[in-house]
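Written out below as structure tokens is the structure these notes cover.
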Amino acid sequence: MAEQSKQRPTVADDKVHTWPHLVRMEFLVALFVMVVLILWSIVIDAPLEEPANPTRTPNPSKAPWYFLGLQEMLVYFDPWHAGVVLPTLIIIGLMVIPFIDINPEGNGYYCFKPRKYEILTFVFGFHVLWVSMIIIGTFFRGPGWNLFWPWQHWDPHKVVALTNVDLPYLLGFRDYWWSAACGAVVVGGYFVVSTVAFYLCVLRIKGKEFLERWGLVRFVITAMLFVTMLSLPAKMFLRLAFNVKYILVTPWFNI
Amino acid sequence: MNLKFLEDLKRDIVENQVWKAIFRHGYEDTPRNRVLMVTANVFLHLHPAKVRRHGVRMRFTWCMGGLTFLMFLVTVVTGIYLMFYYRPVAEYAYADMKYLEFDMPFGMLMRNMHRWSAHAMVVFVWLHMFRVFLTGSYKPPREFNWVVGVLLLVLTLLLSFTGYLLPWDQLSIWAVTVGSNMARASPMLGHEGPFAEFVGVNPVYDARAFLFGGGEIGPHTLLRFYILHCIFIPMIASILMAVHFWRIRRDGFSGPSL
Ligand code: HEM
Chain A
769 MAEQSKQRPT VADDKVHTWP HLVRMEFLVA LFVMVVLILW SIVIDAPLEE
819 PANPTRTPNP SKAPWYFLGL QEMLVYFDPW HAGVVLPTLI IIGLMVIPFI
869 DINPEGNGYY CFKPRKYEIL TFVFGFHVLW VSMIIIGTFF RGPGWNLFWP
919 WQHWDPHKVV ALTNVDLPYL LGFRDYWWSA ACGAVVVGGY FVVSTVAFYL
969 CVLRIKGKEF LERWGLVRFV ITAMLFVTML SLPAKMFLRL AFNVKYILVT
1019 PWFNI
Chain B
30 MNLKFLEDLK RDIVENQVWK AIFRHGYEDT PRNRVLMVTA NVFLHLHPAK
80 VRRHGVRMRF TWCMGGLTFL MFLVTVVTGI YLMFYYRPVA EYAYADMKYL
130 EFDMPFGMLM RNMHRWSAHA MVVFVWLHMF RVFLTGSYKP PREFNWVVGV
180 LLLVLTLLLS FTGYLLPWDQ LSIWAVTVGS NMARASPMLG HEGPFAEFVG
230 VNPVYDARAF LFGGGEIGPH TLLRFYILHC IFIPMIASIL MAVHFWRIRR
280 DGFSGPSL
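Protein sequence lines, in the order shown, are assigned to chains A and B. Letter by letter, the first sequence follows residues 769 to 1023 in the working numbering. Letter by letter, the second sequence follows residues 30 to 287 in the working numbering.
Here you go:
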């Protein structure tokens, strides 16, 4: 891939006529896709279940598949966070990409090496987190939102012990306010430590000169988004390894 | 057959006022006509008259932007067909689906195509975003078009989501219930969200009630989602697509610098 950028065409004008070169391509591809779509639609029927019945909740109730990533995040965070704050941050995070990525390399062609960390971050967020959560939500979640293998019988009476406890409790705090303070310190500490770690990584990989060009605003926005993105696997790890329910418990919200 | 007769016929057809009023140029393969084919056609002139060689290749664009648009067009056409038979009223909606499936000519096929092209549109728009990321095509001067793209991505998901409710079957109302329940947890704006008690929202007056048109999912929700699905979001998405395509032409299609 990196070679490609070296073999850039040196001619001043490498243009071809849209008609027929591009229009022909578009026509053929559209034709092919339409044939596949029509065949698919003849063979596979869209689902239609029983009439809507607000008094009979199916178990499990699943959101449309493209939102199952969000529903899966509900396992690890409360709805206000997984359903509202994180989606908003995902949208904002996507929108700011062109403004925080100041790497001039790879503008308009495929390359990996010069944009390694940018691409890895995107692939991690999009493929590893978003797509794999959708796959888990679609194929591995059954009644009670419990984990089932695709070939396993969905037993609605499967008993899963609810042994989750809050992190401050695990650490030995019993008093309400001390627990809240402990949680706040852990969450705040996570952000501070990770931001510092992020700074050191950028410094090592990209150098001081890059950080100066990047500027404080870009750094802070990127660090916040990046650290928030990593908080999802961090919480997943705490849940799966130590049965941690919440890290921070307050009268108003829990994290 | 007399060839002279055919030539005369052709001349009679193409050399009269009506033909010339519609078609402004000939079809001989000349560079001028190739350019005119694009610039004199309102649909094709979404394209520039000439494109750089690499931009034509499938392995550069994966054709994903164009196919997203194609899927949008398919949903528009099949969706209009469905609208002729579907009433967004709780008493009729489900029956109309059955009617569509079993009695309307091509009803099932139209419904299937609508459904599957909507799913395909979601997949394609994700792949399109991924390819634009990989080619770094969001870098200056195309930052703004990426932002427009993200809005289009959100609208694509909302289009699919609002349409999901319309069959009014068990699948649709519960999927939409689960999806919309998050709105009631919005900080401050949802009655189960943090700080709700300071704002004074309640189950019939909060973000989810605004979405549903009432405290629970019901007939009012069906009408609301129908209008969002068939009018409001397609309209906004069309406007943004116009901006998107205009911007691609203004900013120039991305590619390695010459
Ligand atoms: C309804 C959704 C969308 C439609 C119909 C659409 C359509 C298109 C089309 C037809 C192109 C021409 C090149 C190609 O086919 O790749 C294009 C380019 C582009 N799209 Fe989209 N797009 C959509 C969503 C998005 C999204 C979600 C993003 C990014 C987040 C995006 C960002 C861009 C950018 C930056 C370009 C310019 C690429 C270049 O110059 O190489 N678009 N879009």
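The C-beta atom is built at its ideal place from N, Cα and C for all residues, glycine as well. A quick note: this is a predicted structure, and the numbers were derived from the prediction, not measured.
> Is the beta carbon of Asn-141 of chain B less than 8 Å from the beta carbon of Ile-860 of chain A?
Replying inline: In this structure, the beta-carbon distance from Asn-141 of chain B to Ile-860 of chain A does not fall below 8 Å.
>> If the criterion is Cβ atoms closer than 8 Å, does the pair Leu-252 of chain B and Pro-117 of chain B meet it?
In response: Taking 8 Å as the Cβ cut-off, Leu-252 of chain B and Pro-117 of chain B qualify as a contacting pair.
> Would you call the segment 1005-1013 of chain A and the segment 930-949 of chain A in contact, with 3 or more CB pairs under 8 Å?
Replying inline: Segment contact: the segment 1005-1013 of chain A against the segment 930-949 of chain A, three or more CB-CB distances shorter than 8 Å; contact assigned.
> Listed in chain order, which residues of the segment 40-66 of chain B have Cβ atoms closer than 8 Å to some Cβ of chain A?
Replying inline: Per Cβ criterion, the list reads Pro-60, Arg-63, Val-64 and Met-66.
>> Closer than 7 Å to a non-hydrogen atom of the ligand HEM - does that hold for the CB of Met-87 of chain B?
In response: No; taking the cut-off as 7 Å, the Cβ of Met-87 of chain B has no heavy atom of the ligand HEM nearer than that.
> Can you name the residues of chain B whose CB is closer than 7 Å to the CB of Gly-876 of chain A?
Replying inline: Result: Thr-164, Gly-165, Ser-166, Ser-283, Gly-284 and Pro-285.
> What residues in its chain sit with their C-beta under 8 Å from that of Arg-986 of chain A, if we drop five residues either side in the sequence?
Replying inline: Correct list, in chain order: Phe-867, Ile-868 and Ile-870.
> Since Met-264 of chain B meets chain A, which of its residues come closer than 9 Å, beta carbon to beta carbon?
Replying inline: Going along chain A, no residue has its Cβ under 9 Å from Met-264 of chain B, so there is no contact; the nearest lies around 20 Å.
> Given a limit of 7 Å on CB to CB distance, which residues of the segment 166-199 of chain B reach chain A?
Replying inline: Within the segment 166-199 of chain B, the qualifying residues are Ser-166, Tyr-167, Lys-168, Glu-172, Trp-175, Val-176, Val-179, Val-183, Leu-186, Ser-189, Phe-190, Tyr-193, Pro-196, Trp-197, Asp-198 and Gln-199.
>> Within 8 Å, do at least three Cβ pairs link the segment 905-914 of chain A to the segment 835-848 of chain A?
In response: Under the Cβ criterion (8 Å, minimum of three pairs), the segment 835-848 of chain A counts as touching the segment 905-914 of chain A.
>> I'd like to know whether the C-beta of Asp-934 of chain A is nearer than 8 Å to at least one C-beta of chain B.
In response: Answer no: the Cβ-Cβ gap between Asp-934 of chain A and chain B never drops below 8 Å.
> Which bits of chain B does Ala-820 of chain A rub up against, with CB to CB less than 8 Å?
Replying inline: At a beta-carbon threshold of 8 Å, the residues of chain B lying near Ala-820 of chain A are Ala-119, Tyr-123, Trp-197, Asp-198, Gln-199, Ser-201 and Ile-202, ordered along the chain.
>> Output needed for Ser-962 of chain A: all residues of its chain with C-beta closer than 6 Å, excluding positions within five of it in sequence on either side, in chain order.
In response: In chain order, Val-995 place their CB closer than 6 Å to the CB of Ser-962 of chain A, counting only its own chain and leaving out the 5 sequence neighbours on each side.
> Should the segment 154-161 of chain B be regarded as contacting the segment 815-829 of chain A, the criterion being three or more beta carbon pairs within less than 8 Å?
Replying inline: Between the segment 154-161 of chain B and the segment 815-829 of chain A there are fewer than three inter-stretch CB-CB distances shorter than 8 Å, so the stretches are not counted as touching.
>> When you compare the CB positions of Leu-836 of chain A and Gly-905 of chain A, do they come within less than 8 Å of one another, or not?
In response: Yes; because the gap between Cβ atoms is below 8 Å, this pair is in contact.
>> Below 7 Å, is the gap between the Cβ of Phe-1021 of chain A and the nearest heavy atom of the ligand HEM?
In response: For the ligand HEM, not one heavy atom lies less than 7 Å from the Cβ of Phe-1021 of chain A.
> Going straight from the alpha carbon of Gly-84 of chain B to that of Val-784 of chain A, what length do you get?
Replying inline: Spanning the two alpha carbons is a distance of roughly 10 Å.
>> By the three-class DSSP mapping on this structure, what secondary structure does Lys-79 of chain B have?
In response: In the structure shown, Lys-79 of chain B falls within a strand segment according to DSSP collapsed to helix, strand and coil.
> Can you give, in chain order, each stretch of the beta strand (DSSP E) that sits fully within the segment 76-130 of chain B and has at least 3 residues?
Replying inline: Counting only runs of at least 3 residues, the segment 76-130 of chain B fully encloses the following beta strand (DSSP E) elements, listed from N- to C-terminal order: 79-81.
>> Looking at Met-217 of chain B: is its Cβ nearer than 8 Å to the Cβ of Ala-204 of chain B?
In response: Taking 8 Å as the Cβ cut-off, Met-217 of chain B and Ala-204 of chain B do not qualify as a contacting pair.
>> Any heavy atom of the ligand HEM closer than 7 Å to the beta-carbon of Gly-95 of chain B?
In response: Yes, since a heavy atom of the ligand HEM falls inside the 7 Å radius drawn around the Cβ of Gly-95 of chain B.
>> In whole angstroms, give me the CA-to-CA distance for Trp-197 of chain B and Trp-91 of chain B.
In response: Rounded to whole angstroms, the gap between the alpha carbons of Trp-197 of chain B and Trp-91 of chain B is 36 Å.
>> At a threshold of 7 Å, does Leu-862 of chain A count as lining the ligand HEM (C-beta to nearest heavy atom)?
In response: In this structure, the ligand HEM has a non-hydrogen atom nearer than 7 Å to the beta-carbon of Leu-862 of chain A.
> From Pro-788 of chain A to Arg-81 of chain B, what distance separates their C-alpha atoms?
Replying inline: Cα-Cα distance, rounded: 13 Å.
> Who are His-785 of chain A's beta bridge partners in DSSP?
Replying inline: B:Lys-79, per the DSSP bridge assignment.
> Below 8 Å between beta carbons: does that hold for Gly-94 of chain B and Asn-875 of chain A?
Replying inline: Going by beta carbons, Gly-94 of chain B and Asn-875 of chain A fall outside the 8 Å limit.
> Since Thr-27 of chain B and Leu-194 of chain B are thought to touch, with beta carbons under 8 Å apart, how far apart are those beta carbons, to the nearest angstrom?
Replying inline: Outside the displayed range of chain B (30 to 287) lies residue 27 of chain B, so it cannot be described from this structure.
> Going along chain B, which residues have a C-beta under 7 Å from Pro-866 of chain A?
Replying inline: Ordered by position in chain B, the residues that pass the 7 Å Cβ test against Pro-866 of chain A are Tyr-167, Lys-168, Glu-172 and Trp-175.
>> Residues of chain A with CB closer than 7 Å to the CB of Phe-224 of chain B, please, in chain order.
In response: Chain A residues near Phe-224 of chain B: Trp-1020.
> Got a sec? Which residues, its chain only, sit under 7 Å from Ile-246 of chain B by beta carbon, not counting five neighbours each side?
Replying inline: Setting aside the 5 residues that flank it on each side, Ile-246 of chain B is surrounded in the same chain by Ile-202, Val-205 and Thr-206, each with a C-beta closer than 7 Å to its C-beta; the list follows chain order.
> How would you list, in chain order, the residues of chain B whose beta-carbon sits under 7 Å from the beta-carbon of Val-927 of chain A?
Replying inline: Residues of chain B passing the Cβ test: none, with the nearest at roughly 23 Å.
>> Classify Pro-872 of chain A: buried if its beta carbon has 16 or more other beta carbons within 10 angstroms, exposed otherwise.
In response: It counts as exposed.
> Does the distance from the CB of Trp-155 of chain B to the CB of Trp-808 of chain A come in under 8 Å?
Replying inline: No, they are not a contact pair.
> Do the CB positions of Leu-857 of chain A and Leu-1000 of chain A come within less than 8 Å of each other?
Replying inline: Contact: no.
>> Let's test the definition: count the other Cβ atoms within 10 Å of the Cβ of Trp-175 of chain B and tell me whether it reaches 16, buried, or not, exposed.
In response: With 16 or more other Cβ atoms within 10 Å, it is buried.
> CB-CB under 6 Å to Lys-774 of chain A, same chain, minus the five flanking residues each way: which ones, in chain order?
Replying inline: In this predicted model, Lys-774 of chain A has a pLDDT of only 49, less than 50, meaning its place in the structure is not dependable enough to derive any value.
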